[in-house]
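Counting from 4, one number per residue, gives the positions in the sequence shown under my numbering.
I have placed the structure first, in the form of structure tokens, so that the comments after it can refer back to it.
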Amino acid sequence: MDPQRRLITAACLGGTAATLLADALAQTGGVAGHAPAEVPSPDGSHDGRHDFDFFHGRWHLHNRRLKTWLADSDEWVEFEGRLHCQSLLDGIGNIDEVVADFGEGIHGLSLRLYDPAARRWSDYWATKRSGVLGPPVIGAFDGGIGTFFGEDEFEGRPVRIRAIWSQPAANEVHWEQAFSIDRGKTWETNWTMRMTRQN
Numbered sequence: 004m005d006p007q008r009r010l011i012t013a014a015c016l017g018g019t020a021a022t023l024l025a026d027a028l029a030q031t032g033g034v035a036g037h038a039p040a041e042v043p044s045p046d047g048s049h050d051g052r053h054d055f056d057f058f059h060g061r062w063h064l065h066n067r068r069l070k071t072w073l074a075d076s077d078e079w080v081e082f083e084g085r086l087h088c089q090s091l092l093d094g095i096g097n098i099d100e101v102v103a104d105f106g107e108g109i110h111g112l113s114l115r116l117y118d119p120a121a122r123r124w125s126d127y128w129a130t131k132r133s134g135v136l137g138p139p140v141i142g143a144f145d146g147g148i149g150t151f152f153g154e155d156e157f158e159g160r161p162v163r164i165r166a167i168w169s170q171p172a173a174n175e176v177h178w179e180q181a182f183s184i185d186r187g188k189t190w191e192t193n194w195t196m197r198m199t200r201q202n
């Protein structure tokens, strides 16, 4: 089985799949990957393994998504969704499943794993269409703000990705994603989510 598919399977099975997950990580050389230069160096005294604890549970999503990416568009599409996030591996990871009404529908999952040595999180995304974990965004929280960076391709072009997490209220989370095609000199925000707790 492809190592990334094994990661998804292990995550979905929870703690009983820890051995399988570790085996998959060994095959991929570790999940953290190479952190882009922008990734902030977290405070060496801070153990960030609980930084995503606020996100566990069920959430309603209000999405704003730029209709066309990297095309100087200012037309936004708004749609609703839902998300369920669960802790994994005694808190060193978590997984969430997202369902949203956009186009033919969005059905995906995020897998996040914390590297205690580097004190950074790696955040992977997969959809039911691909069934494969994409390249991670890697980052950490500082002052309650999570900043993550990664690299990928969009329509054949290399892009730098930035994701920012914040918690403006106890039962509200804000997330936004931006792309850069000039190696981080300028950014285009293309997707935001306002999440409100449902439980």
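For glycine and all other residues, C-beta sits at the position ideal for the given N, C-alpha and C.
Note that the C-beta distance between Ile98 and Tyr117 is not below 8 Å. With 16 or more other CB atoms across the displayed protein chains lying within 10 angstroms of its CB, Val140 is buried. By the CB criterion at 8 Å, Ala143 and Arg165 fall outside the cutoff. Annotated as proximal: Thr195 and Arg67, with beta-carbon spacing under 8 Å.
Contact between Glu154 and Arg163 holds, since their C-beta atoms are separated by about 6 Å, short of 8 Å.
Apart from the 5 residues on each side of it in sequence, Gly111 sits with its Cβ closer than 8 Å to the Cβ of Glu100, Val101, Trp128, Ala129, Thr130, Lys131 in its chain, given in chain order. Put simply, the backbone Cα of Asp126 is about 7 Å away from that of Ser113.
In this structure, His59 places its C-beta atom within 8 Å of the C-beta atom of Gln89. In the three-state DSSP reduction, Arg52 falls in the helix class (H, G or I). In the DSSP assignment, Gln201 is bridged to no other residue.
Rounded to the nearest angstrom, the gap between the Cα atoms of Ala172 and Gly147 is 11 Å. Sixteen is the threshold: since fewer than 16 other Cβ atoms of the shown chains lie within 10 Å of the Cβ of Phe157, the residue is exposed.
Nearest in C-alpha terms to Met198, of all of Asp50, Phe57, Gly137, is Phe57.
The residues Ile148, His177, in chain order, have a CB closer than 6 Å to that of Ser169 in the same chain once the five nearest residues on each side in sequence are set aside. Here the alpha carbons of Asp50 and Asp185 stand approximately 33 Å from one another.
Looking at the backbone, the Cα of Ile167 and that of Asp145 are separated by about 11 Å. Taken through DSSP and simplified to helix, strand or coil, Leu92 comes out as helix. Residue environment: Asp77 is assigned as exposed (fewer than 16 neighbouring CB atoms within 10 Å of its CB, all protein chains considered). Taking a C-beta distance under 8 Å as the contact criterion, Asp104 and Glu83 qualify as a contact pair. Within the DSSP secondary-structure output, Phe151 pairs in a beta bridge with Gly142, Ala166.
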